[in-house]
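Enquirer:
In full-length UniProt numbering, the protein residues as written are 1 to 352.
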């Protein structure tokens, strides 16, 4: 089977997720092509209407922001909701230009993509429910995001707990420094924590740095994938005070590395984190709640160790690439009218 995954570069996890799905489909024995188009096309996606899919394309998988321009009648068309920015909960955190762009253009793009697709999926139940509510359409099928749980894995280090005691409790922030990600809250949280705690943070895919950072915050720049994995492994917890997410790769990757996440109880985060078991959830914008959650985990090494183990187990159970690929192949089966698992079985056979 030939699958085309065109996307407009956004400098976010959505790009990574699209390429990752293509990789998984290729590993399953199919021919998937993830094709990137320059970022500026997000403002006039209709200019891509005449782009040609690879010869013999059976299925086209797009994102809802631009799926309508890649629709082709000769193929099965599936569009994916990865982050529903029209969610009313996100409205207070948008700039005026951003809000206007979303209201005047993105809403129209998403609605057209949903209407023209043969099927709509979402990376979390929450995102799908908000899309259905705001646009007044049928809820999409939920196919949870996935990460490479073999690559993102704990380091074989029996001394991790002992090493932790020799340095400050280490927090990690991976992602773009945007208001949506809660980056403006990081200096406030670290100021509350003070000595004995440190935050390492990346500059993100968009190369932005933090403003007003504290002495217990250190930028580690833009990392390679291997360096990101080592950062997860070296951290005691992921600090993620985000305000809206589809299903964040950062949280899934950290959990896969055995690093508990301390995140906002908003959007889809409760679909990734079982509060108190494999991570901690805090009220949105509540700086003191985040600081208290960090302190509670830092002061109880046994609880931290149990939570780290549980985080890895949850990631292996919920976020494997094979699960996501199989669910998409089952959807393609349904849309094509083939017997159940026809695509999946053909793919596995070709891969041998």
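Virtual Cβ for every residue (Gly too), placed ideally from N, Cα, C.
(1) Indicate whether the contact test is met: 3 or more Cβ pairs, each with one atom in the segment 72-82 and one in the segment 40-60, closer than 8 Å.
(2) Distance, Cα to Cα, residue 290 vs residue 202?
(3) For the segment 294-307 against the segment 79-98, are there 3 or more C-beta pairs whose distance is under 8 Å?
(4) State the DSSP-derived secondary structure class of residue 24, mapped to helix, strand or coil.
(5) If we require 3 or more residues per run, which beta strand (DSSP E) segments fall completely within the segment 36-92?
(6) Take residue 130 and list the residues in its own chain whose beta-carbon comes closer than 7 Å to its own, dropping the five residues that flank it on each side.
(7) Count the other CB atoms within 10 Å of the CB of residue 259; is the residue buried (16 or more) or exposed (fewer)?
(8) Pop quiz: residue 81 and residue 128 are said to be a contact at Cβ under 8 Å. What is the actual Cβ separation, rounded to whole angstroms?
(9) To the nearest whole angstrom, what separates the beta carbons of residue 5 and residue 47, a pair I think is in contact under 8 Å?
(10) Pull up the CB-CB distance for residue 114 and residue 64, whole angstroms please, since I reckon it's below 8 Å.
(11) Counting Cβ pairs closer than 8 Å, one from the segment 168-178 and one from the segment 216-235, do we hit at least three?
(12) Just to confirm the assignment: which complete beta strand (DSSP E) runs, minimum length 3, are found wholly within the segment 273-304?
(13) Between the Cα of residue 214 and those of 183, 229 and 222, spot the shortest distance and give me the residue it belongs to.
(14) For the alpha helix (DSSP H) that contains residue 233, what are its first and last residues?
(15) Candidates 105, 295, 98 and 164: which alpha carbon is nearest residue 192's?
(16) For residue 287, tell me which candidate among 216, 240, 189 and 221 has the shortest Cα-Cα distance.
(17) Mapping DSSP to helix, strand and coil, what is residue 405?
(18) Going by DSSP, what residue range makes up the beta strand (DSSP E) through residue 250?
(19) Can you tell me which of the three DSSP states residue 215 falls into?
(20) Distance check for residue 218 and residue 136, CA to CA, integer angstroms please.
(21) Quick one: Cα of residue 133 to Cα of residue 300, how far?
(22) With burial defined as no fewer than 16 other Cβ atoms inside 10 Å of the residue's Cβ, what is the status of residue 332: buried or exposed?
(23) Can you grab the Cα-Cα spacing for the pair residue 38 / residue 108, in whole Å?
(24) Residue 166: which of 272, 198 and 314 sits nearest, CA to CA?
(25) If we call anything under 8 Å between Cβ atoms a contact, is residue 140 one with residue 257?
Expert: Result, derived from the coordinates:
(1) Yes, they touch.
(2) Between residue 290 and residue 202, the C-alpha separation is close to 20 Å.
(3) Verdict: no, contact absent.
(4) When secondary structure is reduced to three states using DSSP, residue 24 falls in the helix class.
(5) As summarised for the segment 36-92, the continuous beta strand (DSSP E) elements at least 3 residues long and confined to that stretch are 59-63 and 76-81, given in chain order.
(6) Within the same chain, residue 130 has close Cβ partners 84 and 87.
(7) Buried, because 16 or more other Cβ atoms sit within 10 Å of the Cβ of residue 259.
(8) Confirmed, Cβ separation roughly 6 Å.
(9) Rounded, the Cβ-Cβ distance is 19 Å, inconsistent with contact.
(10) About 7 Å separates the beta carbons of residue 114 and residue 64, which is inside the 8 Å limit, making them a contact pair.
(11) Result yes; three or more Cβ-Cβ pairs closer than 8 Å.
(12) Residue ranges of uninterrupted beta strand (DSSP E) with 3 or more members, entirely inside the segment 273-304 and ordered along the chain, are 279-282.
(13) Cα-wise, what sits closest to residue 214 is 183.
(14) Per DSSP, residue 233 belongs to the alpha helix (DSSP H) from 225-234.
(15) The shortest C-alpha separation from residue 192 is found at 295.
(16) Closest by C-alpha distance to residue 287, out of 216, 240, 189 and 221, is 189.
(17) Look at the range of the chain in this structure, 1 to 352, and you will see that residue 405 is not part of it.
(18) First-last for residue 250: 249-256, but that is the alpha helix (DSSP H), not the beta strand (DSSP E).
(19) In the structure shown, residue 215 falls within a coil segment according to DSSP collapsed to helix, strand and coil.
(20) If you draw a straight line from the Cα of residue 136 to the Cα of residue 218, it comes to about 45 Å.
(21) Straight-line Cα distance between these residues: approximately 42 Å.
(22) Buried.
(23) Spanning the two alpha carbons is a distance of roughly 20 Å.
(24) Minimum Cα distance to residue 166 is reached at 198.
(25) No.
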